[in-house]
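Participant: For reference, the structure I am asking about is given below.
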Amino acid sequence: MYPAAHFQQHDSKQLQQLVNSYPLATILMPNTQNQLNDICRVPLLYDSAREVFIGHVAKYNPLSSFDGQSVKLLFSGDDCYLSPAYAHNKTLPSWLYSSVYVTAKVRIVKDQQHKEQIMQRLTDHFEQHFTQPNTTKWQLDEVPVKHRQAMYQQLSFIEFIPSQWRGNFKLSQNKPAEIRAAIKQSLMLAGKLSIAELIN
Numbered sequence: 002m003y004p005a006a007h008f009q010q011h012d013s014k015q016l017q018q019l020v021n022s023y024p025l026a027t028i029l030m031p032n033t034q035n036q037l038n039d040i041c042r043v044p045l046l047y048d049s050a051r052e053v054f055i056g057h058v059a060k061y062n063p064l065s066s067f068d069g070q071s072v073k074l075l076f077s078g079d080d081c082y083l084s085p086a087y088a089h090n091k092t093l094p095s096w097l098y099s100s101v102y103v104t105a106k107v108r109i110v111k112d113q114q115h116k117e118q119i120m121q122r123l124t125d126h127f128e129q130h131f132t133q134p135n136t137t138k139w140q141l142d143e144v145p146v147k148h149r150q151a152m153y154q155q156l157s158f159i160e161f162i163p164s165q166w167r168g169n170f171k172l173s174q175n176k177p178a179e180i181r182a183a184i185k186q187s188l189m190l191a192g193k194l195s196i197a198e199l200i201n
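Following this note's numbering, the numbering of the sequence shown begins with 2 at its first residue and continues without gaps.
Below you can see the structure in the form of structure tokens.
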């Protein structure tokens, strides 16, 4: 079984938290011309109320031709090297990481009002960090309607409807509690807080 059962993450709250914290998705698209996948990287926002991911890509992106087809979304959380010194030399050198794999169907958005709503949601979400002193938050309505409509002609707006979620959180779950506690404390002292917080 891969990943091993103790590394599988089934908690939907933690899976959604990871994709919200690390929204840049690696998207794998089947390629009929060869055995490899086409790959692109796209920031996606998960709309938990509607249970869909939303995003947009350039018109020439291969994703634009995948309407109604399934793709794989890979979200990777923080990662780091695990030194045996972090666990009082009771582990081998390893690597800690967390990732979420989602199988989803592509739905190309055609409605202009829906495109505007997606762009507004994405802008509001990713611009929210620009509200600190000495920073400027960009507003979509700063762009004239005519220019926005021309911009939208160059983009494909996409919703991804997930059918399966899988989490692979490799965080020393196969080690005794005292070893995990030592690793967690060492990670915190090293400033690797995002990974340390996942270890329990």
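Glycine included, C-beta positions come from ideal geometry on N, C-alpha and C.
(1) When DSSP builds the beta bridges, which residues end up paired with LYS116?
(2) THR5 to LEU123, Cα distance in whole Å?
(3) Going straight from the alpha carbon of ILE196 to that of HIS115, what length do you get?
(4) Under a Cβ-count criterion, where at least 16 other Cβ atoms within 10 Å of its own Cβ denotes burial, should TYR3 be classed as buried or exposed?
(5) Could you pull out every residue in the same chain whose Cβ sits closer than 7 Å to the Cβ of LEU19, ignoring the five residues on either side in sequence?
(6) Less than 8 Å between the beta carbons of THR92 and LYS176, yes or no?
(7) Starting from the Cα of ILE119, find the closest Cα among HIS130, LEU141 and GLN129 and give me that residue.
(8) Excluding five sequence neighbours on each side, which residues of the same chain lie with their C-beta closer than 6 Å to the C-beta of LYS106?
(9) For my contact list, VAL110 and PHE158 are in at a C-beta cut-off of 8 Å; report their separation, rounded to the angstrom.
(10) Assess, as a yes-or-no matter, whether the stretch 168-183 is touched by the stretch 148-158 under the definition of 3 or more beta carbon pairs within less than 8 Å.
(11) Who are the Cβ neighbours of LEU83 in its own chain at under 8 Å, not counting the five residues just before and after it?
(12) Tell me whether ILE40 is buried or exposed, calling it buried when 16 or more other Cβ atoms sit within 10 Å of its Cβ.
(13) Would DSSP call PRO63 helix, strand or coil?
(14) Leaving out five residues before and five after SER65 in sequence, what residues of the same chain have Cβ atoms less than 6 Å from its Cβ?
Facilitator: Let me lay it out:
(1) Taking the sequence shown and counting its residues from 1, one reaches residue 116 at position 115. According to DSSP, which records beta bridges pairwise, LYS116 is partnered with nothing at all.
(2) Along the sequence shown, one-based indexing puts residue 5 at 4. Along the sequence shown, one-based indexing puts residue 123 at 122. Reading off the sequence, residue 5 comes out as Ala, not Thr. Distance between the alpha carbons of ALA5 and LEU123: 35 Å.
(3) The count along the sequence shown starts at 1 and reaches residue 196 at position 195. The count along the sequence shown starts at 1 and reaches residue 115 at position 114. Roughly 37 Å separates the two Cα atoms.
(4) The residue given as residue 3 occupies position 2 in the sequence shown. Around the beta carbon of TYR3, a 10 Å sphere encloses fewer than 16 other beta carbons of the protein chains shown; the residue is thus reported as exposed.
(5) Sequence index remark: in the sequence shown, residue 19 carries index 18 (1-based). Cβ within range, chain order: PHE76, GLY78, SER99 and VAL101.
(6) As a working note, residue 92 is residue 91 in the sequence shown. As a working note, residue 176 is residue 175 in the sequence shown. For THR92 and LYS176, yes; Cβs fall inside 8 Å.
(7) For the purposes of this step, residue 119 is identified with residue 118 of the sequence shown, where counting begins at 1. Ranking HIS130, LEU141 and GLN129 by Cα distance to ILE119 puts LEU141 first.
(8) Translated into the one-based positions of the sequence shown, residue 106 becomes position 105. Excluding sequence neighbours, LYS106 sits near SER71 and ILE162.
(9) By one-based count along the sequence shown, residue 110 stands at place 109. By one-based count along the sequence shown, residue 158 stands at place 157. Indeed, because the Cβ distance is near 4 Å, the residues count as touching under 8 Å.
(10) Because the criterion of three Cβ pairs below 8 Å is not met, the stretch 148-158 and the stretch 168-183 do not touch.
(11) Looking up residue 83 in the sequence shown gives position 82. Taken in chain order, the residues that qualify are THR92, PRO94, SER95, TRP96, LEU97, SER173 and ILE184.
(12) By one-based count along the sequence shown, residue 40 stands at place 39. For ILE40, the number of other beta carbons within 10 angstroms of its own is below 16, and it is reported as exposed.
(13) Indexing the sequence shown from 1 puts residue 63 at position 62. Looking at PRO63 - three-state DSSP - the assignment turns out to be helix.
(14) As a first step, residue 65 is located in the sequence shown; it is residue number 64 there, counting from the start. Taken in chain order, the residues that qualify are SER157.
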